[in-house]
């Protein structure tokens, strides 16, 4: 797959990822390590909450989104995350959900402090197999410019 | 440890977590699963970047922050994340860093739609063993009210 550089992007470009299926075991395993709250760990507890089921940590959803993003955009030498805004989880992720991400380029500019990089602003929408939105966010990242 | 409820919190309260030491193996293992970019996977590549070393994914830093937060606050039945704003990573996390989190309550209000819950707004600052700030963010969460 071709590596992407700053010059390959323009505002309005959209990219669609592959899908990623998340298992109950992955949900509880992530939760045990990073977000050990009862509704992420135990299906019986989750069934009694407003979610009516075991749900994934929002940080797990964010991490899966990153995985799908990295594989889809394939930036030369990677994209260095600068920050994230308006991260929301409108629908919970449940076991056996199949997630996919759509990314839109919302701004591009040259970096003032790092002339070999550009700064890209992106909007991410992560959805499940029912087309319900499970996560939205804006993020900024440094990506490499082509050598002249 | 006592479970915490909405009524136990007031604006200005601060909570300090324990520490969490992150190994090189944990950094590369998280990155292989969720953020497979060269500077998170390979120390030799990381050494040649602006970071001069292998660095953890920002999403790994966020996940560790969540772990430390959950253990520190210990909300009854857990805290349900609503969203995150202004997530920033001013300094990269490296192997053998010891992280800790300080959380401040910046707003509390009753939930209009879910009367058994309150909405808490929190500011998180995650630091390393050199007192460098590795992550900051604001987050909102639903936490349970005491039964009357």
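Residue numbers (the working numbering), protein chains in the order written: chain A, -5 to 142; chain B, -5 to 142.
Glycine is no exception: its CB is placed at the ideal position from the N, C-alpha and C atoms.
- Within chain A, 79, 80, 81 have C-beta atoms less than 8 Å from the C-beta of residue 79/B, given in sequence order.
- Assignment of residue 126/B by DSSP, reduced to helix, strand and coil, places it in the coil class.
- Within chain A, 31, 32, 33, 39, 43 have C-beta atoms less than 9 Å from the C-beta of residue 71/B, given in sequence order.
- In the same chain as residue 55/A, and ignoring 5 residues on each side of it, the C-beta atoms closer than 8 Å to its own belong to 83, 87, 93, 120, 128, 129, in chain order.
- Inter-segment contact for the region 59 to 75 of chain A and the region 26 to 35 of chain A is absent: fewer than three beta-carbon pairs are separated by less than 8 Å.
- In this structure, 138/A is the residue among 138/A, 72/A, 80/A, 122/A with its C-alpha nearest to the C-alpha of residue 104/A.
- In this structure the region 107 to 121 of chain A lies against the region -1 to 7 of chain A, because at least three pairs of beta carbons, one per stretch, are closer than 8 Å.
- Among the residues of the region 99 to 119 of chain B, those with a Cβ less than 8 Å away from any Cβ of chain A are 108, in the order of the chain.
- Residue 108/B is a Cβ neighbour of residue 136/B, given a cutoff of 8 Å.
- Here the alpha carbon of residue 75/A sits roughly 46 Å from the alpha carbon of residue 142/B.
- Closer than 8 Å to the CB of residue 28/A there is at least one CB belonging to chain B.
- Secondary structure at residue 8/B: strand, using DSSP grouped into helix, strand and coil.
- With 16 or more other Cβ atoms from the protein chains shown falling within 10 Å of its own Cβ, residue 52/A counts as buried.
- Between residue 122/B and residue 91/B, the CB-CB gap stays under 8 Å.
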